[in-house]
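Note sheet for the following structure.
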Amino acid sequence: MKPDNYPQRPAHLWEHFYQFTRIPRPSKQEAAVRQYLVDLAQQAGHPVRLDDAGNLVIYVPASPGREDRPTVIIQNHLDMVTVKTDDVEHDFTRDPLQLKVDDGWLGADRTTLGADNGLGCAASIALMTDPDVTHPPLELLFTVDEETGLGGALNLDASMLSGSLMLNLDTEDWNELYIGCAGGAGWQFARSFAEDPLRGDAECFRLNLRGLAGGHSGVQIHEQLGNAIKLLGECLRGLPGLRLGSIEVGVAHNVIPREGVVEFAVPAEVAGRLAEHLENARQRWLGYLPAADHGVELALQSVQLDSALDAVDSLRLLDLIAAFPHGAQAYSLEQPADLVDLSINLAILRLQRGELYVESSYRFFNEQQSLPLQHAVLALARAYDLEVTEDVGYPGWEPDFSSPLLEQGSAVHQHLFGARPAVKAIHAGLECGILKSKLPGVDTLSFGPTIRGAHSPSERLRIDTVEPFWRFLTELLADI
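Here it is, written out as C-alpha cells:
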C-alpha cells in the first residue's frame, strides 16, 4: 500500500509510478507491466504495436491545433534491476515493492525501487492520460531487457517509429541535459578445475562479505566503491594451505558487486588466526574505501565441505581475481573530472563444484580507446586458460553540442527556472546510442529527475525534483 506521505503532484505521474511498483518487472519478464500499458492505451483508443523482441509503441495523436508539429518519440525501458539485501524476503517475480518516504526521498524497503526507469515510464504514460498536457504527435516507446544487455533496443523493429525528435527520460540528475552516452560490451569466461577430497585435519568455513554500497557500474564507477569480488579475493590471500570450495558473488553485468559468499578450507594451525586475519583486512579497507562502504562486514562460520580445489589452483584463482581489471580506466579531457571515458566492471564470479564462471563488462565513448583494455583482458584469459564468450556490444552516442533540440531544451529550462541547465554526457549505456543508429538523423535529448543508488537496495528518488522535471517535459513538448 502507499505510504501515508506518498507524493501527490503531478497526480497522473505519481499514480502510474505507484502502479509500476505493484507490478513485478525483472528483465525479460516485462509482460505484465507491458499489458498494463496496453490496457491504458486501448481504453484511450490509441493504437499500439509490438515487435518480436517485445518492445511496445503507443501512438498518441497530437493535441488539437498541434497536428502539424514534428512527431516526438518518448523513450523509456520497462525492466528494472532486482537487487535486495540478504535480510529481507522479497520475490521480484511476484511481490510488489514496499515503498517508504524518508527525508524527501522515495525508496523501497531494502530493495531496488525501479525509479530507473519506471519514473520515466510513468511520465510517458502521464502525457497520454493527463488532459491538461499540450503536445505534438507522440510515439511512446517502451523497450524491454535494457538492464541485462540492452536487448530490446538492439532488436527493435525501427519501422514502428516515424518521429524526427526523441526524448529519453532515463538519466538521474535533475537540471542536467544529456547529449551523449557510453557504448559498451563484455565477456563471459569459464573453465573447469579439478576438486580433491579434503583431509581430516582441514577446517572448513563459510565467509560472508556484506555491507558494501554497490551501485551502477556506469554512473558510479568513478566513486571507487568497493567490489566484493576484489575484496574477498584480497582477504583470502596470504592464508597458507587455503583451498577454495565455492564462491558466489555478483548479480548482473552492470552492478558493482556488493556482497558475496565463499566457502574454503585451511589447515587447523591457520584456522586459529583466521578471525584476526580477516579483521585486519577489514580495517585496511576502511582506510581507503568511500564512506558509503564503511558498513562492510565479514561474517565467518564453520561448515562441512567434502572436496575443494587444491592449494595451487586456489592460489591461481586468487591471482586471477587480483589481476583482473576493475574500475575507471580513463577520464575525459574535456568534461568535468567525474566523466569517465573508459571503465570496466568485474561483475560476477561463481565457483561451484570446480566450474568457474566470470562475467565482466566495459564502457567507452570512443571504441578505439577501449582496444588496449580489450587486449589486456583477453591476454589474461589466455594466461589463465579461460574459455571466452563475447557479449554483443552496442554503440555509444557521440555528443552533439550543436543540436537544435538541445538549444530548444536549454531555452525552455532558462525560461522556467531562470538558469541554463548543465549539458553533459553520461558514462552509461543509455539506449539512445543504439536507437540513433537505427533511426538516422533523429535529434535526441535525455533528462530525468534525481535518482541515487540505482542498481542497489539504496536506490531512491528525490521527490522535489519530479515536479520540475514534469514541468520541463510538458513545456518542452508544448514548445515543439
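The letter at position 151 of the sequence shown is residue 151 when you use the UniProt record's numbering, and the numbering goes up by one with no holes. Ideal Cβ positions, reconstructed from N, Cα and C, are used throughout, including at glycine.
When burial is assigned at 16 or more other CB atoms within 10 Å of the CB, is residue i buried or exposed?
| i | result |
| --- | --- |
| Asp-68 | exposed |
| Leu-333 | exposed |
| Asp-443 | buried |
| Val-88 | exposed |
| His-375 | exposed |
| Gln-369 | exposed |
| Tyr-36 | buried |
| Gly-184 | buried |
| Gly-418 | exposed |
| Val-392 | exposed |
| Val-388 | exposed |
| Ser-159 | exposed |
| Leu-209 | buried |
| residue 516 | The question about residue 516 has no answer, for the chain in this structure spans 1 to 480. |
| His-45 | Looking at the sequence provided, one finds Gly at residue 45 rather than His. Looking at its Cβ environment, which holds fewer than 16 other Cβ atoms inside 10 Å, Gly-45 is exposed. |
| His-415 | exposed |
From the DSSP output, in three-state form, read off residue i for me.
| i | result |
| --- | --- |
| His-216 | strand |
| Ser-159 | helix |
| Thr-21 | helix |
| Pro-404 | helix |
| Glu-475 | helix |
| Arg-191 | strand |
| Val-423 | strand |
| Met-1 | coil |
| Val-388 | strand |
| Glu-467 | helix |
| Arg-69 | coil |
| Arg-316 | helix |
| Ile-480 | coil |
| His-90 | coil |
| Arg-9 | coil |
| His-294 | coil |
| Ala-182 | coil |
| Ser-446 | strand |
| His-455 | coil |
| Leu-435 | helix |
| Glu-398 | coil |
| Ser-307 | strand |
| Trp-174 | coil |
| Gly-393 | strand |
| Ser-27 | coil |
| Ser-410 | helix |
| Glu-147 | coil |
| Gln-98 | coil |
Look at the alpha carbon of residue i and the alpha carbon of residue j, and state the distance between them as a whole number of angstroms.
| i | j | result |
| --- | --- | --- |
| Asp-293 | Ile-256 | 12 Å |
| Glu-359 | Ala-411 | 43 Å |
| Val-83 | Thr-21 | 14 Å |
| Thr-217 | Asp-319 | For clarity, residue 217 is Ser in the given sequence; the question names Thr instead. Taking the straight line from one Cα to the other gives about 23 Å. |
| Pro-440 | Cys-235 | 50 Å |
| Pro-3 | Glu-147 | 27 Å |
| Leu-161 | Ile-434 | 14 Å |
| Val-423 | Ser-403 | 11 Å |
| Ala-53 | Leu-40 | 21 Å |
| Leu-106 | Ala-428 | 23 Å |
| Phe-401 | Ile-179 | 7 Å |
| Thr-15 | Glu-248 | Correcting the residue identity first, residue 15 is Glu in this sequence and not Thr. Rounded to the nearest angstrom, the two C-alpha atoms are 38 Å apart. |
| Ser-458 | Gly-65 | 45 Å |
| Lys-438 | Glu-467 | 32 Å |
| Ile-23 | Gly-215 | 23 Å |
| Leu-289 | Ala-281 | 12 Å |
| Ser-302 | Ala-275 | 12 Å |
| Cys-432 | Arg-471 | 23 Å |
| Ala-425 | Leu-177 | 8 Å |
| Lys-230 | Cys-204 | 21 Å |
| Asp-385 | Arg-191 | 7 Å |
| Arg-353 | Glu-297 | 26 Å |
| Ala-379 | Gln-329 | 17 Å |
| Gly-250 | Leu-140 | 33 Å |
| Asp-310 | Arg-316 | 10 Å |
Can residue i be considered in contact with the ligand SAM, in the sense that its beta carbon sits closer than 6 Å to one or more heavy atoms?
| i | result |
| --- | --- |
| Thr-129 | For the ligand SAM, the structure offers nothing, since it holds no ligand at all. |
Give the C-beta separation of residue i and residue j to the nearest angstrom, bearing in mind that I take them to be a contact with Cβ-Cβ under 8 Å.
| i | j | result |
| --- | --- | --- |
| Leu-167 | Val-48 | With a Cβ gap of about 19 Å, Leu-167 and Val-48 do not count as contacting. |
| Ile-348 | Tyr-362 | Contact doesn't hold; Cβ gap of about 14 Å is too wide. |
| Ala-308 | Ala-265 | 5 Å |
| Thr-465 | Thr-450 | 4 Å |
| Phe-365 | Asp-338 | Their Cβ separation, rounded to whole angstroms, is 14 Å, which puts Phe-365 and Asp-338 out of contact at 8 Å. |
| Ile-321 | Gly-233 | 3 Å |
| Phe-469 | Gly-448 | 6 Å |
**Q.** Length at least 3, wholly inside the UniProt domain "Peptidase M20 dimerisation" (209 to 281): the beta strand (DSSP E) runs in chain order
**A.** 243 to 249 and 260 to 267
(Q) Quick check on the DSSP output: what are the complete alpha helix (DSSP H) runs of length 4 or more inside the stretch 334 to 383, in order along the chain? (A) 371 to 383
**Q.** Runs of beta strand (DSSP E) wholly within the stretch 29 to 60 (minimum 3 residues, chain order)
**A.** 48 to 50 and 56 to 60
**Q.** Within the stretch 110 to 145, ranges of the alpha helix (DSSP H) (whole runs, at least 4 residues)
**A.** 115 to 129
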